[in-house]
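Report on the structure given below.
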Amino acid sequence: MRFLQKVGVFILLLAWAIACSQEENGADAIFYNGQIYTVDANFTVAEAIVVEDETIIFVGATYDAMKFADSNTKQVDLQGKTVVPGLTDSHCHFLGIGKRAYYLNLDGSISLQDFLDRIRTEVEQKTDDDWIIGRGWIEEDWPEKKFPSSYDLDKISQTHPMLLTRADGHAIVANSKAIQLAGITHTTPDPAGGRIERDVKTGKATGIFIDNAIDLIRSIAPSDTTPDMVRKFALEAQKVSFQYGLTQLHDMGIEWPRVEILKEMYESGELKIRLQCYISDIGDNPDTLFKNGAEVGLYKNRLNIRGIKCYMDGALGSRGAALLKPYSDTGGSGLILTKENELYPLIREATEKGIQVATHAIGDRGNRLALDLYEKALQEIPADLRVNADPRHRIEHAQIVAPEDIPRFQALGIIPSMQPSHAIGDLHWAVRRLGKDRMLRGYAWRTLVDSGCILPGGSDAPVEEGNPMIEFYAATVRKDTTGFSTEDWHRDLRLSRKEALQMFTSWAAYSVFEENVRGNIEKGKLADFTVLEKDLMTCPEEELFKVGVEMTVVGGEIVYHK
Ligand SMILES: [Zn+2]
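Per our numbering, the very first residue in the sequence shown carries number 106; after that it's consecutive.
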């Protein structure tokens, strides 16, 4: 009997041990039954991904993936949907995206009612008594052809202060709450150069403030630069990015005080998106980075700070891009924004100290000068004297490059970081600025890839929309979204879908030294992936920019689900 008791206890212990070991063996999550483009070296297509501790531990068939399951494993049926490695935007402005999303866009309101409906929708989405700040109304476009008033706005909310700016910036309408907070009464005088519109009978402010009177309200509204607003913009930007299927952003030009706020948000778990911060070249921002050194892999590789954003020239639209030969329409050859004797020391010190430089260069003269400065630094600081032998300096935009400069990118290891949507916007008018000859080497993705370059893709949001599907479409189709193009758009410079997918996944990862960490769906990589409604490798080209995102996964966690 005693023996049997012992056996019984032993069996119980054994069962408990097996249960425990199964618990330990079971993976955190299994995503199965998908059409998974892994973007590995052989461009393998798989069915299932197994995740443990934010990392991919298996990629393959659903049947084999299920062997990693236990009762605690989260199992997600992908329902045959297309999965790609977590999309990355290699050039954007994180807080700018948030700011655009945070403020209400009133562009194109067609009537007073439409204007008020948009404000009502915005109010319904706010959880506390936040300010409602918006921009873009034009009463001339409305059948009423008269200014909105605080009376109209008060019907929507008397607790949210409102500040809504006319499209031209010369007038605002505020509600009673904002007027009250500003301490404006019947007796408040008009400031010099400004006017408070008043009711002719009662003398009460109507809510319309013109020119210099605008500041009476604006000065009490939250400033864009307070830590509180930075936090709000960051959360909005993260939300929008996850909706677009983005798992990492390369933030081009951020100042240290804001980085410190973002660090707090990662610390508290509010931020989950992966960010690669390129520090602004303004003031002593670069010196602080040189002093601190690169900060890599913070918060489980959510935040990396290892680069500086610099400017060589301006933009093509405003004729600021620096060209080797004058503009074809107006003459002039553009602007060099940073003097060589200011920019070169930065590039040199960065090359020495293991800091990556991302230089904005758009025109062929801007690109040549940037390549020259990089080349000089790489020669003066040989690889054995660098903290990072392969600094992978980048040129942002690289829109117009002289034919003789194309091979220099690959030869010097300089990465051209490009935004396909700029092309399908600019190509409408670029031929007038540049002439037919230069169009042959404008937005020359094909030429750069053929020369051996790795080409990270971005959107430059909020300058462009920031939807990676629009970028994918622009890169592979090279028509605008109505299907328009001309012979000057040189459609032969477009990329294959396979190449475009790499631009927003594995090539993006390479451009931030992460080719061994993420960027494709492989065992050992971070579990970032994007589930799409349609197969972007096979769907008709005109559907590409409308492909929706079903699910966004960062480190194995579903951070967005449609
Ligand atoms: Zn930019």
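Just so it is clear, CB atoms sit at the ideal spot from N, CA and C, and this is done for glycine as well.
Please list the terminal residues of the continuous alpha helix (DSSP H) segment that includes residue i.
i           : result
residue 195 : Element bounds for residue 195: not the alpha helix (DSSP H) but the beta strand (DSSP E), 192–197.
residue 614 : 611–615
residue 608 : 602–608
residue 576 : 573–582
residue 445 : 445–458
residue 224 : 217–230
residue 336 : 332–348
residue 552 : 550–555
residue 394 : 390–397
State the DSSP-derived secondary structure class of residue i, mapped to helix, strand or coil.
i           : result
residue 130 : helix
residue 492 : coil
residue 521 : strand
residue 469 : helix
residue 259 : helix
residue 650 : helix
residue 317 : coil
residue 163 : strand
residue 526 : helix
residue 136 : strand
residue 211 : coil
residue 417 : coil
residue 180 : strand
residue 356 : strand
residue 482 : helix
residue 641 : coil
How big is the Cα-Cα spacing for residue i and residue j?
i           : j           : result
residue 201 : residue 366 : 15 angstroms
residue 588 : residue 486 : 48 angstroms
residue 310 : residue 348 : 41 angstroms
residue 173 : residue 635 : 22 angstroms
residue 585 : residue 576 : 11 angstroms
residue 128 : residue 442 : With a pLDDT of only 49 at residue 128, under 50, the local geometry of the prediction cannot be trusted, and no value is derived from it.
residue 541 : residue 193 : 33 angstroms
residue 522 : residue 137 : 34 angstroms
residue 552 : residue 319 : 51 angstroms
residue 572 : residue 306 : 51 angstroms
residue 250 : residue 217 : 9 angstroms
residue 280 : residue 223 : 15 angstroms
residue 268 : residue 658 : 37 angstroms
residue 504 : residue 197 : 16 angstroms
residue 125 : residue 177 : Legend: pLDDT at residue 125 = 48, less than 50; position of this residue unreliable, no value from coordinates given.
residue 91  : residue 643 : No statement about residue 91 is possible, as the shown extent of the chain runs from 106 to 667 and does not include it.
residue 153 : residue 666 : 18 angstroms
residue 651 : residue 645 : 11 angstroms
residue 436 : residue 426 : 12 angstroms
residue 400 : residue 411 : 6 angstroms
Once the 5 residues before and after residue i are set aside, which same chain residues still bring their CB inside 6 angstroms of it?
i           : result
residue 464 : 415, 417, 475 and 500
residue 653 : 638
residue 270 : 240 and 277
residue 558 : 514, 515 and 521
residue 356 : 199, 380 and 382
residue 181 : 136
residue 561 : 195, 522, 612, 613 and 616
Given residue i, which residues of its chain have a CB within under 8 angstroms of its CB, disregarding the five upstream and five downstream residues?
i           : result
residue 545 : 595
residue 144 : 189, 190, 606, 607, 610, 611, 624, 625 and 626
residue 215 : 246 and 247
residue 649 : 574, 577, 578, 581, 582 and 641
residue 507 : 429, 469, 472, 473 and 546
residue 179 : 133, 134 and 135
Excluding the 5 residues flanking residue i on each side, which residues of the same chain have their C-beta closer than 7 angstroms to its C-beta?
i           : result
residue 479 : 452, 498, 517 and 519
residue 159 : 405, 631, 632, 660 and 661
residue 221 : 257 and 261
residue 535 : 421, 544 and 547
residue 604 : 554
I'd like the span of the beta strand (DSSP E) that includes residue i, first residue to last.
i           : result
residue 635 : 634–637
residue 363 : No beta strand (DSSP E) contains residue 363, which is instead part of the alpha helix (DSSP H) from 361–372.
residue 144 : Segment: none, residue 144 is in no beta strand (DSSP E) and carries neither H nor E.
residue 665 : 662–666
residue 497 : That residue, residue 497, is in no beta strand (DSSP E); it is neither H nor E in DSSP.
residue 383 : 379–385
residue 283 : That residue, residue 283, is in no beta strand (DSSP E); its alpha helix (DSSP H) goes 281–286.
residue 631 : Segment: none, residue 631 is in no beta strand (DSSP E) and carries neither H nor E.
residue 269 : 267–271
residue 302 : 299–303
residue 400 : 400–402
residue 241 : 237–242
Closer than 7 angstroms to a non-hydrogen atom of ligand 2 - does that hold for the CB of residue i?
i           : result
residue 523 : Ligand 2 is not among the ligands present in this structure, which contains only ligand 1.
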